[in-house]
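Before any comments, here is the structure.
Numbering (the UniProt record's numbering), first residue to last: 1 to 159.
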């Protein structure tokens, strides 16, 4: 890997992880999950995550709405009502970046895919890694949107 690619990847990693953390905090959560990485990937300047999702008929706002609905349904399933007026966590996160084990796995898979392709890390790598998830909020949100994960993966890797 050349120095230019390494620097670009560091910028992408920073944008991806801080974006995921911001996505989690905006929904009142302290720990980012794969759904937050996916949303953060759609905001990356490379545009590959948004392009892959667009190929299967999904945009960032539809994805966000589906993630919020999946969170609300999960809470309702255990008898907890979602408070639509619940405030986001205020202020920047402090301390080391934390994420769920599933988010860590998605991140590792995205980085491994970029290395295997000898390519800079892109949002599409995150999309493809999320497509491997069978359970969780990201998988439920994509399912609720009628997304065929294999078709989305192909859109991500061919894009």
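Each residue gets a CB set at the ideal place from its N, CA and C atoms; glycine is no exception.
Of the candidates 27, 10, 54, the residue whose Cα lies closest to the Cα of residue 151 is 54. Residue 44: not part of any alpha helix (DSSP H); DSSP gives it neither H nor E. For the pair residue 16 and residue 40, the CB atoms are nearer than the 8 Å cut-off. The beta carbon of residue 155 sits closer than 7 Å to those of 52, 55, 56, all from its chain and outside the five residues before and after it, given in chain order.
DSSP places residue 4 in the helix class (H, G or I) of the three-state scheme. Here residue 34 is buried. Its C-beta has 16 or more other C-beta atoms within 10 Å. Within a 10 Å sphere around the beta-carbon of residue 123 sit 16 or more other beta-carbons, which makes this residue buried. Here DSSP, grouped into helix, strand and coil, assigns residue 132 to coil. Of the candidates 118, 20, 48, 48 places its Cα closest to the Cα of residue 153. Distances from the alpha-carbon of residue 114 to those of 103, 129, 65, 101 put 129 closest.
In this structure, the alpha-carbon of residue 117 lies about 24 Å from that of residue 138.
Distance between residue 77 and residue 67, taken at the CA atoms: about 15 Å. From the listed residues 135, 59, 131, 9, the smallest Cα separation to residue 148 is found for 131. Residue 74 and residue 2 have their C-alpha atoms some 44 Å from each other.
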